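Colleague: Structure in structure tokens, see below.
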Amino acid sequence: MASLIFEHLKKVYPNGFVSVDDVSLSIEDGEFVVFHGPSGCGKSTILRMIGGLEDITSGKIYLDNTFLNDILPRDRKLAMAFQNYALYKYMNVYDNMALGLKLRDLPRTVINTRVKTAAAFLGISDILTKKIRSISDSERQRVALGRAIVCHPKVLLVDEDFAHQNDDLRKDMIHDILKINKELGITVLYVTNNYEEAVSLNSRVIFMKDGKVIEDSI
Ligand code: ADP
Ligand code: ADP
Numbered sequence: 018m019a020s021l022i023f024e025h026l027k028k029v030y031p032n033g034f035v036s037v038d039d040v041s042l043s044i045e046d047g048e049f050v051v052f053h054g055p056s057g058c059g060k061s062t063i064l065r066m067i068g069g070l071e072d073i074t075s076g077k078i079y080l081d082n083t084f085l086n087d088i089l090p091r092d093r094k095l096a097m098a099f100q101n102y103a104l105y106k107y108m109n110v111y112d113n114m115a116l117g118l119k120l121r122d123l124p125r126t127v128i129n130t131r132v133k134t135a136a137a138f139l140g141i142s143d144i145l146t147k148k149i150r151s152i153s154d155s156e157r158q159r160v161a162l163g164r165a166i167v168c169h170p171k172v173l174l175v176d177e178d179f180a181h182q183n184d185d186l187r188k189d190m191i192h193d194i195l196k197i198n199k200e201l202g203i204t205v206l207y208v209t210n211n212y213e214e215a216v217s218l219n220s221r222v223i224f225m226k227d228g229k230v231i232e233d234s235i
């Protein structure tokens, strides 16, 4: 079953610039999809529209056969890994990972189990009580992914900026998101302008140029 469908998706900025131009795609449950293309081709705009951070000018996005705008943001089962992680430096790892769940008013025992399970999955169980400012970039990256998966999303959206600092961090991140995809069955949409990386992932690659999909490797 297709978990995400875009129909004639279009984004025109107020200055008239067409950033995404008539994109139609169907993404199945559990797929790992790479969006690739030169800087400025509209990849991040697509991710931001799915994530609800950007208005859609025209066209439609469906999640599980439901028009995205008809699903309350908290019920959308989408998680986004943000640039520079957006972690709270003076809070500990546990609280950063639990934050989204607390906002959903889940019982404390459920929150605790989910945070511990995600931490074990990502190999960060031993740093739960450490403050973000005292852990490494590699650990911060895993905390940010942990915060995304504790919400049990169906779809994880990852922008390349998420790990642009250095090659090692990028490799770790790719290892982690592949594991999240394979072992948890979460659909991953990953944006990159690095060609070598895009093809090395051995996954479906959607090539974009000037806001349009010019090739879909499926
Ligand atoms: P990519 O992720 O492929 O590098 P983006 O989706 O970030 O590209 O941006 C696509 C294009 O839209 C770029 O040319 C960018 O300059 C333009 N753009 C982004 N935000 C705005 C805005 N608020 N107003 C006008 N143009 C914008
Ligand atoms: P509250 O809902 O008041 O934040 P919690 O019982 O969720 O209380 O947690 C209290 C504090 O104990 C949290 O802020 C967190 O830092 C820490 N904590 C709770 N559970 C764990 C755990 N499994 N591992 C590490 N720290 C934890």
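Each residue of the sequence shown is one higher than the one before, counting from 18 in my numbering.
We put the CB at the ideal spot given by N, CA and C, even for glycine.
Here the structure is a predicted model, which means the values were calculated and not measured.
(1) Quick one: Cα of residue 165 to Cα of residue 205, how far?
(2) Which residues bound the alpha helix (DSSP H) around residue 130?
(3) One question on the structure: do residue 68 and residue 174 come within less than 7 Å of each other, judged by their Cβ atoms?
(4) By alpha-carbon positions, which one of 115, 138, 137 ends up nearest to residue 127?
(5) Quick one: grab the DSSP three-state call for residue 62.
(6) Just verifying my parser: in three-state terms, what is the DSSP assignment at residue 160?
(7) Under three-state DSSP, which class holds residue 110?
(8) In whole angstroms, give me the CA-to-CA distance for residue 79 and residue 86.
(9) Does the distance from the CB of residue 187 to the CB of residue 50 come in under 7 Å?
(10) Just the Cα atoms here: how many angstroms apart are residue 152 and residue 24?
(11) With a threshold of 6 Å, establish whether the CB of residue 134 neighbours any heavy atom of ligand 1.
(12) Touching or not, the segment 33 to 53 and the segment 210 to 219, by the rule of three or more beta carbon pairs under 8 Å?
(13) Counting pairs of Cβ atoms below 8 Å between the segment 142 to 159 and the segment 94 to 104, do you hit three or more?
(14) Sort 30, 38, 48 by Cα distance to residue 20 and report the nearest one.
(15) Taking only three categories from DSSP, how would you classify residue 143?
Modeller: Short version:
(1) 12 Å
(2) 125 to 139
(3) yes
(4) 115
(5) helix
(6) helix
(7) helix
(8) 9 Å
(9) no
(10) 42 Å
(11) no
(12) yes
(13) yes
(14) 48
(15) helix
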